[in-house]
Amino acid sequence: MKKVMLKTTLSLAVAMASSQLFASGFALNEQSVSGMGTGFAGRSSSADDASTVFGNPAGMARLEGQQITGGVAAIDASTDISNVSGRSAGSNKGDMVPFTAVPFGFYTNKLNDQWAVGFGVYAPFGLVTDYESGFQGRGFGSKSEVKVITLQPTVSYAFNDRVSVGFGPTINRIAGTLESDLTLNPRAPDTNIKIKGDDTALGFNIGVLVQATDTTRVGLTYHSKVSYKLDGHTEVTAPTATSPFLRSNRYDASLKIDTPESYDLSVTQDLTDAWKLYAGATWTRWSRLKDITVKNEGVSGATGGALAPGLVSTIKEDQNWHDTWAYAVGTSYQLTKQVVLRTGLTFDQSPTNNTDRSPRIPTGDRTIFSLGLGYQVMDNMTIDLAYSYLKEEDVKISRSNQLASYNAKYENSANGFGLGMTYKF
10 MKKVMLKTTL SLAVAMASSQ LFASGFALNE QSVSGMGTGF AGRSSSADDA STVFGNPAGM
70 ARLEGQQITG GVAAIDASTD ISNVSGRSAG SNKGDMVPFT AVPFGFYTNK LNDQWAVGFG
130 VYAPFGLVTD YESGFQGRGF GSKSEVKVIT LQPTVSYAFN DRVSVGFGPT INRIAGTLES
190 DLTLNPRAPD TNIKIKGDDT ALGFNIGVLV QATDTTRVGL TYHSKVSYKL DGHTEVTAPT
250 ATSPFLRSNR YDASLKIDTP ESYDLSVTQD LTDAWKLYAG ATWTRWSRLK DITVKNEGVS
310 GATGGALAPG LVSTIKEDQN WHDTWAYAVG TSYQLTKQVV LRTGLTFDQS PTNNTDRSPR
370 IPTGDRTIFS LGLGYQVMDN MTIDLAYSYL KEEDVKISRS NQLASYNAKY ENSANGFGLG
430 MTYKF
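In short: position in the sequence shown from 1, add 9, done, that's the working numbering.
Okay, structure coming up:
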């Protein structure tokens, strides 16, 4: 029984994929509101503001003086769960993703005609999911919260007015909490399993920007993989065999996971003085996530019944994710000197497969439509607004073990809102 309880719940990396945010897997795109308006089609080639620190660090060479870009993107997701069956009883409300906000901030400083420096604070990966109490599939995941915060000092160098490069090491902090609830006895409270862990690791971003013609700009950005070893604990709270009261055991836990590398290639084309066209493609190496191995050892706290001390357990769960492509096209129109309008369309593949998908990762391929507006409040200040609508293909969940089974159809959608500001000085 000990092995079954832990095997059902010790997949921290698996839980990180259940977010409804606007990128595949558990990646986040929300580091730029101006980019959000065009569906991030020109992320590596536009260099419109200081958010190019993330989008393409080589783009800092195109920015004059000093700039600060900051903002927040908010996501309102909804899920319809239907065609449900399984051995456990419970509800299926589908409101497991709370209203979520993702902040970011960037600074750039052009030192001279060749050199520029910058700094960024942003979230490249993350999620929050929280199913209702009594969710029917709670044995396969009831709550997940994972946050990755990145600090990125950056430098760029312009060889000439046509070609520039940029590089930024990244300092990445990951922290996660998972919960699952197992029904071992219908007449007793559920057994709750909570996992917490964190780590700090290094990576880097590198980019090149080429002004191919007077009207065509091409950018390529590489975001490196980051290797984590999360250390924390697993806490199991359950009724004992001889008492109706809940008692807890705590086990030391560790998990290794790599967030994947990605390549982003985009083109910005000036059609007229007012019109710009953007196109982009992003490849992400999600195939690194073939399985999850979690190690638990050591016990502290109360013991009893199935929660005997001395547990040493290594659990492996197959994931078999595959590499993904995201494609985007967008355009912007300079309506007046102060106002620019934006729109974009994105198609983003899901890395999951029909065999291994679970309630923690109920996502499929997604299509995203975006609108944006930039307003120059004054010569040195611009406000950006953006809206995106995401619709996923319907996906099916089919999970089972010795304790429970859960089958359902998920229909996911989301609305995204962005507000940003750029200040030049």
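Quick reminder that beta carbons are idealized off the backbone N, C-alpha and C, glycines included.
Per DSSP, what are the beta-bridge partners of residue i in this structure?
i	result
Lys156	Gly135, Ala184
Trp124	Tyr166
Leu1	The question about residue 1 has no answer, for the chain in this structure spans 10 to 434.
Thr117	Gln76, Gly127
Phe356	Tyr336, Thr376
Ser87	Ser422
Ile392	Tyr384, Met430
Ala110	Ala83
Leu191	Thr200
Ser173	Ala167, Leu218
Phe144	Ser100
Pro178	Phe213
Ser161	The sequence as given places Gln at residue 161; Ser does not occur at that position. Its beta-bridge partners are Gly129.
What are the boundary residues of the beta strand (DSSP E) that includes residue i?
i	result
Thr7	Look at the range of the chain in this structure, 10 to 434, and you will see that residue 7 is not part of it.
Thr431	414-433
Val404	404-409
Gln289	In the sequence on display, residue 289 carries Gly and not Gln. 284-293 is the extent of the beta strand (DSSP E) around Gly289.
Ile245	Note on residue identity: the sequence assigns Val, not Ile, to residue 245. Unbroken beta strand (DSSP E) run through Val245: 235-248.
Is residue i buried or exposed, if buried means 16 or more other CB atoms sit within 10 Å of its CB?
i	result
Thr268	buried
Val321	Because Val321 carries a pLDDT of 42, less than 50, the predicted location of this residue cannot be relied on, and no value is offered for it.
Val386	exposed
Asn38	buried
Gly148	buried
Glu401	buried
Thr281	exposed
Tyr384	exposed
Tyr197	Inspection of the sequence shows that residue 197 is occupied by Ala rather than by Tyr. Under this definition Ala197 is an exposed residue.
Val195	The amino acid at residue 195 is misidentified as Val; the sequence shows Pro. Pro195 comes out exposed.
Met105	buried
Leu211	exposed
Asn181	buried
Asn363	exposed
Asp170	exposed
Asp393	buried
Ser94	exposed
Arg226	buried
Lys405	exposed
Leu218	buried
Could you give the first and the last residue of the continuous alpha helix (DSSP H) run that contains residue i?
i	result
Gly8	Nothing can be reported for residue 8, as the shown portion of the chain is limited to 10 through 434.
Gly64	61-64
Hey, would you say the C-beta of residue i is under 7 Å away from at least one heavy atom of the ligand GDP?
i	result
Lys156	In the structure on display, the ligand GDP does not appear, and there are no ligands present to speak of.
TODO: Would you check if the region 325-343 and the region 284-297 touch, i.e. whether three or more CB-CB distances between them fall below 8 Å?
DONE: yes
Open item on the list: With three or more beta-carbon pairs closer than 8 Å as the criterion, would you say the region 183-190 touches the region 163-171?
Closed with: no
Open item on the list: Any contact between the region 43-53 and the region 271-288? By contact I mean 3 or more CB pairs, one from each, below 8 Å.
Closed with: These segments touch.
Open item on the list: For the structure I just gave you, are there three or more beta carbon pairs, one from the region 54-70 and one from the region 84-102, closer than 8 Å?
Closed with: With the cut-off at 8 Å, the region 54-70 and the region 84-102 do not touch.
Task: At least 3 beta-carbon pairs within less than 8 Å: the region 338-351 vs the region 374-383 - done: yes
Task: Given 8 Å, three or more beta-carbon pairs between the region 144-160 and the region 115-126 - done: Counting C-beta pairs closer than 8 Å gives fewer than three between the region 144-160 and the region 115-126, which falls short of the contact rule.
Open item on the list: For the structure I just gave you, are there three or more beta carbon pairs, one from the region 50-65 and one from the region 126-142, closer than 8 Å?
Closed with: yes
Open item on the list: Would the region 78-88 count as touching the region 230-238 if we require 3 or more Cβ pairs under 8 Å?
Closed with: no
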